[in-house]
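Residue 4 is where the sequence shown starts when you use the working numbering, and the numbers rise one by one after that. Beta carbons are placed, not taken as given, at the ideal position from N, Cα and C, and that holds for glycine. Keep in mind that this is a model prediction, so the values were computed, not measured. Everything below concerns the one structure shown next.
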Amino acid sequence: MGQKTHPRGLRLGIIETWDSKWYSERDYAKWLHEDFKIQKFVKEQLARAGISRVEVERVADRCSINIHTARPGIVIGRRGAEAEKLQEMLEKEVGCPVRINVSEIREPELDAQLVSEDVATQIERRAGFKQAMRRKISGSIQAGALGVKIMVSGRLDGKEIARAESSIEGRVPLHTLRANVDYGFTEANTTYGKIGVKTWIFKGEIIGVPDNLKGEPSVRRQSGRREDTGSQRPERRRGDRRSGSRQSGEQGRGRGRRRQRRSGGDS
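In structure tokens, the structure reads:
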């Protein structure tokens, strides 16, 4: 079911790519846990920078970290001082040479993770969750989104019984794999507990192999392989059905006439 699955995980290798790009035969679990550690460390150190994604690439003994942020000035700092400081801290954590690349998110209203974090921040400041959802949805639609859905769940407004409420505008196709649906999730820490915030943003459909997947070997195999349609049934037209029913009807009438003749001969 589309609404039960992570939209990015469902589309990996089709229109989405991986956050960790490396290959390891022996130390797979070790490198994977290290990637989680790097992503968590970067987001904690740059909490005010609007970090959406942190991608990790490994080549031999070198590590390249791509940071997607809405505020690149905070990440880089004056004359690159903050970036150098972050690089030194990461090298101590990882234990290998680290290279940091900063990518700017030009339209943060179309980034689901940033929208979720903004809604969570407003909830933590005791703003109404319905107003926060409507405000962010209208901003994303004005920025060019074809559909937006935001869901909040938990003890909303401090009520004793937890519930979930959502607001949607436009179209958000969860089952269409070529649909570019961005997904983000975060939690708001309030005095009466945690409130989860989920966001889906539909940006349109992608036809063919996107630019960020042209270098992936799995995608090359999929695009180069001929699609097997399997054994297809011959097309049946409406006329064929009518002619078949007409023939069966004529056969039935013929049997009835023969029965009448036999009964008349017996009498």
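- In the three-state reduction of the DSSP assignment, residue 210 falls in the coil class, being assigned neither a helical nor a strand state.
- Under the criterion of beta carbons closer than 8 Å, residue 97 and residue 41 qualify as touching, at roughly 7 Å.
- In the assembly as shown, residue 202 is a buried residue. Its beta-carbon has 16 or more other beta-carbons within 10 Å.
- If the five residues before and after residue 62 are omitted, its C-beta is found closer than 8 Å to the C-beta atoms of 25, all from its own chain and listed in chain order.
- The alpha-carbon separation between residue 175 and residue 74 amounts to approximately 28 Å.
- Within the same chain, Cβ atoms closer than 8 Å to the Cβ of residue 210 are found at 181, the five residues on either side in sequence being excluded.
- Under the DSSP assignment, residue 166 falls outside any alpha helix (DSSP H), being part of the beta strand (DSSP E) whose first and last residues are 166–173.
- Rounded to whole angstroms, the separation of the alpha carbons of residue 168 and residue 139 is 15 Å.
- Contact between residue 122 and residue 72 does not hold, since the beta-carbon distance rounds to 19 Å and is not under 8 Å.
- Only exposed fits residue 99, as fewer than 16 other CB atoms lie within 10 angstroms of its CB.
- Residue 36: member of the alpha helix (DSSP H) spanning 31–48, first to last residue.
- Using a C-beta cut-off of 8 Å, the stretch 81–97 makes no contact with the stretch 106–114, since fewer than three inter-stretch Cβ pairs fall below that distance.
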